[in-house]
Amino acid sequence: MKWYRLSELHADHRLVANCKSMCLSGPPSKHFIWPIDIVDEVSDLFGCVMDLLPEDFECAEDLYANPGRFPSYKRIIDACIQIVSCFHAVHCKGYCFQDIPMWDLFVDPQKGGVIFSRGENVAPEGTYTDVMASGRYAAPEIVTGASVPSMRSDRYSMAVIVFMLLCHLHPLEGARFCEGRIPDDSERRRAYGLGPVFVFDSDDSSNRPDSAILASCTWESLPRHMRDFFCRAFSRDALLDPRRRPSELEWMRELVRFRSEVVPCKCWDEVFLDGASAVRCGRCGALCGAPLRLEVGGFDARDPCVSIGDAPTHGARESSVALVTDARLYRSQLNRSCSPDYMLEPQLWAVSKKGGSQCAYDVRLCNVSRESWKVRFGREVANVAPGQSVRAIEGLELEILGELVRVCANV
Ligand SMILES: [Zn+2]
Numbered sequence: 000m001k002w003y004r005l006s007e008l009h010a011d012h013r014l015v016a017n018c019k020s021m022c023l024s025g026p027p028s029k030h031f032i033w034p035i036d037i038v039d040e041v042s043d044l045f046g047c048v049m050d051l052l053p054e055d056f057e058c059a060e061d062l063y064a065n066p067g068r069f070p071s072y073k074r075i076i077d078a079c080i081q082i083v084s085c086f087h088a089v090h091c092k093g094y095c096f097q098d099i100p101m102w103d104l105f106v107d108p109q110k111g112g113v114i115f116s117r118g119e120n121v122a123p124e125g126t127y128t129d130v131m132a133s134g135r136y137a138a139p140e141i142v143t144g145a146s147v148p149s150m151r152s153d154r155y156s157m158a159v160i161v162f163m164l165l166c167h168l169h170p171l172e173g174a175r176f177c178e179g180r181i182p183d184d185s186e187r188r189r190a191y192g193l194g195p196v197f198v199f200d201s202d203d204s205s206n207r208p209d210s211a212i213l214a215s216c217t218w219e220s221l222p223r224h225m226r227d228f229f230c231r232a233f234s235r236d237a238l239l240d241p242r243r244r245p246s247e248l249e250w251m252r253e254l255v256r257f258r259s260e261v262v263p264c265k266c267w268d269e270v271f272l273d274g275a276s277a278v279r280c281g282r283c284g285a286l287c288g289a290p291l292r293l294e295v296g297g298f299d300a301r302d303p304c305v306s307i308g309d310a311p312t313h314g315a316r317e318s319s320v321a322l323v324t325d326a327r328l329y330r331s332q333l334n335r336s337c338s339p340d341y342m343l344e345p346q347l348w349a350v351s352k353k354g355g356s357q358c359a360y361d362v363r364l365c366n367v368s369r370e371s372w373k374v375r376f377g378r379e380v381a382n383v384a385p386g387q388s389v390r391a392i393e394g395l396e397l398e399i400l401g402e403l404v405r406v407c408a409n410v
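Numbering (numbering that gives the first Met the number 0) for the sequence shown: 0 to 410.
Set out below in structure tokens:
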């Protein structure tokens, strides 16, 4: 039970009305702790009954600065994909977040699952429920008071959360932020609202982090396409014009592509292939790669949540998946138009032979979908039913959901 003091809310009690409305409509997905019942106004109090946070979930605000809590970088990417998917689910219902600070977000670092803990902070697009936005995560137009929360301001908050989890620093807190001091309110308003500058802005280096912060963040090791995408999401245009911010599906496309390039090293560190067939491990110097890859079609760029006037979505792009343990092929990578509820449904999951080491390349391709695959190797044709698997060998062709997927040498 969460209690609110009515005397501290807006005079028309719009937060109470929104809680009642959200309670009736139900959550956008299973990743929300949502109002499930209301205890009506008792004296000065109003109560919201919600589920408890499941075990194993930790606050994202604590996790972003402690990436060692995640067993692998792939789990951080999994959490980011899930976060973007939750924003998509909220927007597809016509809702937006009133406020989405990182301390309202919980992540299971072992599995990459996420939970948004305050469903009462979601409201229909265009409404303002009196929730005070947290400057550090709110879009510049919310910080300055120029706009009310919207799907487009959410896209900024989403980009901040993803950047912080992947890079371990805030995208606007660089050299210009406070020069080592605790910032006062006017400095915060300038940094987050009036004059935001991305720490890695391509044209303006005035807000670069100091060398100690640079050494501890992962920016330089990210694949080029991810750095370019962050530069676009936090460009001056996108910071100041909400219509220029990338959509959720564009984020999913980049993150799924990034996930497909993560290869484990025998020292248990990971490398990002970034289009190469092999890369040297930063920790032990070993050459890491994946001898085989899956060649698949691009992402379906049609996005039901992109409205007229938004930044154009980029065209579908050819992508490939490095065939290592825990590689996945998602439904959305097969260029199929599917509902947002299913686009991140894995169709194929690569596993090592039992007893093999984490970077063994003798991988099997498991059918984790609900439909059989047709598999061809030379003249041989076979069916692989859901739950069954086939050994990955060069030249193997799989027909998955009517799309052709090839196993190729990674050269
Ligand atoms: Zn290594």
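Ideal placement from N, C-alpha and C gives every residue a C-beta, glycine not left out.
As assigned by DSSP and simplified to three states, the class of residue i
i	result
Cys91	helix
Lys373	strand
Ser114	First, the residue type needs correcting, since residue 114 is Ile and not Ser in the sequence shown. Reduced to three states, the DSSP call for Ile114 is strand.
Phe197	coil
Arg390	strand
Cys58	strand
Asp361	coil
Pro263	strand
Tyr63	coil
Ala381	strand
Asp268	coil
Pro311	With a pLDDT of only 37 at Pro311, under 50, the local geometry of the prediction cannot be trusted, and no value is derived from it.
Phe206	Sequence inspection shows Asn at residue 206; the Phe mentioned does not correspond to that position. Coil.
Leu286	strand
Gln38	The residue asked about is misnamed: residue 38 is Val in this sequence, not Gln. Correct three-state label for Val38: strand.
Ser319	strand
Phe69	coil
Val305	Low per-residue confidence applies at Val305: pLDDT is 42, beneath 50, and the placement is therefore not dependable, though the value from the model is reported in the following sentence. Val305: coil per DSSP, three-state reduction.
Any non-hydrogen atom of ligand 1 within 7 Å of residue i CB
i	result
Ala289	no
Lys73	no
Ala285	yes
Asp153	no
Asp268	yes
Cys407	no
Cys47	no
Lys265	yes
Cys95	no
Arg282	yes
Residues of its chain near residue i, where Cβ-Cβ distance is below 7 Å and the 5 sequence neighbours each way are ignored
i	result
Val410	Ser276
Val295	Ser318, Ser319, Val320, Leu328, Gln332, Leu333 and Val404
Val270	Val262, Cys264, Val278, Cys280 and Cys287
Pro222	Phe257, Glu260, Phe271 and Asp273
Own chain residues within Cβ distance below 8 Å of residue i, not counting five before or after
i	result
Tyr94	Pro27, Val121, Ala122, Pro123 and Glu124
Arg369	Pro385
Ser156	Phe96, Ile99, Tyr136, Ala137 and Ala138
Glu396	Val374, Arg375, Phe376, Leu403, Val404, Arg405 and Val406
Counterpart residues of residue i in DSSP-defined beta bridges
i	result
Cys407	Arg292
Met342	DSSP lists no partner for Met342.
Trp2	Gly46
Tyr329	Pro345
Ser351	Val362
Glu398	Lys373 and Leu403
Leu104	Phe115
Pro123	Tyr94
Check whether residue i and residue j have beta carbons under 8 Å apart
i	j	result
Leu364	Ala384	no
Val89	Phe56	no
Pro139	Phe96	no
Ser152	Pro245	no
Ile399	Gln346	yes
Ala289	Cys266	no
Ala182	Val198	Looking at the sequence shown, residue 182 is not Ala but Pro. For Pro182 and Val198, no; Cβs fall outside 8 Å.
Gly118	Gln81	no
Cys18	Pro34	yes
Gly144	Arg187	no
Nonlocal neighbours in the same chain, by C-beta distance under 6 Å from residue i, ignoring five residues either side
i	result
Val161	Cys79
Trp2	Leu44 and Gly46
Val389	Leu364, Val374 and Val383
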